[in-house]
Amino acid sequence: GATGYDSLAEADIVIEAVFEDMDVKRDVFAALDAATRPDAILATNTSYLDVNAISRTVREPSRVVGLHFFSPAHVMKLLEIVRPEAVADDVLATGFALARDLGKQPVVAGVCDGFIGNRILARYRQEADFMLEEGALPWQIDRAMEAWGFAMGLYRVQDLAGLDIAWAMRKRRAATRDPAARYVRIADRLCEMGRFGQKTGAGWYRYDSGRAEPDPEVERIILEESARAGIARRAFDDEEIIARLLGVMKDEGRAILDEGIAARASDIDVVLVNGYGFPRWRGGPMFLAGMA
Numbered sequence: 035g036a037t038g039y040d041s042l043a044e045a046d047i048v049i050e051a052v053f054e055d056m057d058v059k060r061d062v063f064a065a066l067d068a069a070t071r072p073d074a075i076l077a078t079n080t081s082y083l084d085v086n087a088i089s090r091t092v093r094e095p096s097r098v099v100g101l102h103f104f105s106p107a108h109v110m111k112l113l114e115i116v117r118p119e120a121v122a123d124d125v126l127a128t129g130f131a132l133a134r135d136l137g138k139q140p141v142v143a144g145v146c147d148g149f150i151g152n153r154i155l156a157r158y159r160q161e162a163d164f165m166l167e168e169g170a171l172p173w174q175i176d177r178a179m180e181a182w183g184f185a186m187g188l189y190r191v192q193d194l195a196g197l198d199i200a201w202a203m204r205k206r207r208a209a210t211r212d213p214a215a216r217y218v219r220i221a222d223r224l225c226e227m228g229r230f231g232q233k234t235g236a237g238w239y240r241y242d243s244g245r246a247e248p249d250p251e252v253e254r255i256i257l258e259e260s261a262r263a264g265i266a267r268r269a270f271d272d273e274e275i276i277a278r279l280l281g282v283m284k285d286e287g288r289a290i291l292d293e294g295i296a297a298r299a300s301d302i303d304v305v306l307v308n309g310y311g312f313p314r315w316r317g318g319p320m321f322l323a324g325m326a
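If you're matching positions, the sequence shown starts at 35 in our numbering and goes up one per residue.
What follows is the structure, encoded as structure tokens:
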């Protein structure tokens with residue numbers, strides 16, 4: 035196969051999928067702008083970054099669109115079509131046509147940090163981490179959400195995907211993080227120990243037997259971080275865990291609707307069901323909130 039930009043001269047559409055770093059994205063799009071036809075569609079597979087900023091890298095921003103595929107892309111049906119301010123209608127329509135040809139379920143999202151799915155996921159992760167500091171344990175949270183119907187618990191998912199990916203993003207954002215905001219360091223400490231999940235044999239869980247096993251070392255770190263934060267640990271039951279996590283999903287979904295990032299409540303549910311393991315038979319967070 036070809037490896038140079040010159041091979042893209044006659045391409046109708048190019049999908050960029052490089053590392054989640056804005057400077058790298060801008061460099062790639064500047065090169066694509068020079069190498070492709072003026073009417074070629076340039077799509078970014080970014081999962082978080084500002085697609086408006088990426089589009090301003092090229093001479094004709096109207097040909098830039100976000101096409102956020104979900105991993106593994108040959109299995110996952112969801113495709114978030116991210117609509118930057120300057121995108122042309124025919125470019126957006128082509129994104130839908132491509133989704134149809136690939137057998138994907140498309141959902142349009144506006145531009146914000148994480149779009150629809152990853153924005154809700156970030157709030158979900160944050161609330162789960164708060165509960166770790168307050169008295170819960172990862173395997174307890176995972177067990178509760180899996181029993182409720184999720185395909186896989188949050189911490190098992192992180193171990194599968196690799197903790198280092200989110201860690202790299204947190205480090206890049208550290209300079210702009212609100213110093214007054216509550217920040218849970220547990221995941222950072224695991225990463226500092228080289229515990230990146232299944233690929234290193236340990237993350238939130240240990241994988242000595244090939245299966246996810248609770249790890250006393252993780253529990254020790256969690257207890258240390260609770261003490262460091264001055265939080266008195268308490269008992270959690272499954273009902274409270276489920277209620278808090280569903281509650282923040284609903285709240286973030288309402289904010290996404292209020293900001294116009296999603297056109298309708300049902301779009302949010304389609305994203306969560308098709309891309310994030312939300313149990314289909316439960317309908318979705320907005321359905322549960324009585325909004326879809």
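The beta carbon of each residue, even a glycine, is placed where N, CA and C say it ideally should be.
What first and last residue would you give for the beta strand (DSSP E) that runs through residue i?
i: GLY100; result: 98-103
i: GLU50; result: 47-50
i: VAL141; result: 139-143
i: ILE75; result: 75-78
i: LEU295; result: With the sequence shown as reference, residue 295 is identified as Ile, and Leu is not the correct amino acid for it. Looking at the DSSP string, ILE295 is not in any beta strand (DSSP E), and its letter there is neither H nor E.
i: GLU114; result: 112-116
Where does residue i land, buried or exposed, given buried means 16+ other C-beta within 10 angstroms?
i: TRP315; result: exposed
i: THR210; result: exposed
i: SER89; result: buried
i: LEU53; result: At residue 53 the sequence reads Phe, which differs from the Leu that was named. The residue is exposed, with fewer than 16 neighbouring Cβ atoms inside 10 Å.
i: ALA64; result: exposed
i: VAL85; result: buried
i: GLY148; result: buried
Thinking just about the alpha-carbon of each residue, which of the options is nearest to the one in residue i?
i: GLY287; options: VAL304, GLU274, ARG97, ASP272; result: VAL304
i: SER260; options: PHE130, VAL99, MET165; result: MET165
i: PRO118; options: PHE103, GLY137, PHE104, GLY144; result: GLY144
i: THR70; options: ARG93, LEU132, LEU136, PHE321; result: ARG93
i: TYR217; options: ARG229, SER81, ASP163; result: ASP163
i: LEU136; options: HIS108, GLY324, ILE275, ASP73; result: HIS108
i: ASN152; options: MET320, ILE302, PHE321, PRO313; result: ILE302
i: ALA266; options: ASN79, PHE130, ARG229, LEU257; result: LEU257
i: MET110; options: ASP285, GLN174, VAL307; result: VAL307
i: TRP201; options: PHE230, LEU42, GLU273; result: PHE230
Which stretch, first to last residue, makes up the alpha helix (DSSP H) that contains residue i?
i: THR128; result: 123-135
i: ILE275; result: 272-292
i: ILE265; result: ILE265 -> no alpha helix (DSSP H), and no H or E assigned at all.
i: GLU168; result: 151-168
i: LEU66; result: 56-69
i: LEU224; result: 220-226
i: GLU247; result: Neither: GLU247 is in no alpha helix (DSSP H) and is coded neither H nor E.
Quick test of your reading: residue i and residue j, contact by CB under 8 Å. State the CB separation rounded to the nearest angstrom.
i: ASP55; j: THR91; result: In fact, because the Cβ distance is near 13 Å, the residues do not count as touching under 8 Å.
i: ALA74; j: ASP40; result: Contact flag wrong, Cβ pair sits at about 14 Å.
i: GLY187; j: ASP198; result: Not quite, the Cβ-Cβ distance comes to about 19 Å (not below 8 Å), so this is no contact.
i: ILE150; j: VAL141; result: 7 Å
i: LEU280; j: PRO313; result: That pair is no contact at about 11 Å.
i: VAL48; j: ALA77; result: 7 Å
i: ILE275; j: ALA178; result: 4 Å
Spell out a yes or no on whether the region 244-258 and the region 117-134 are touching, meaning 3 or more CB-CB pairs, one atom from each, closer than 8 Å.
no
Quick one: any contact between the region 233-246 and the region 202-213, if contact means 3 or more CB pairs under 8 Å?
no
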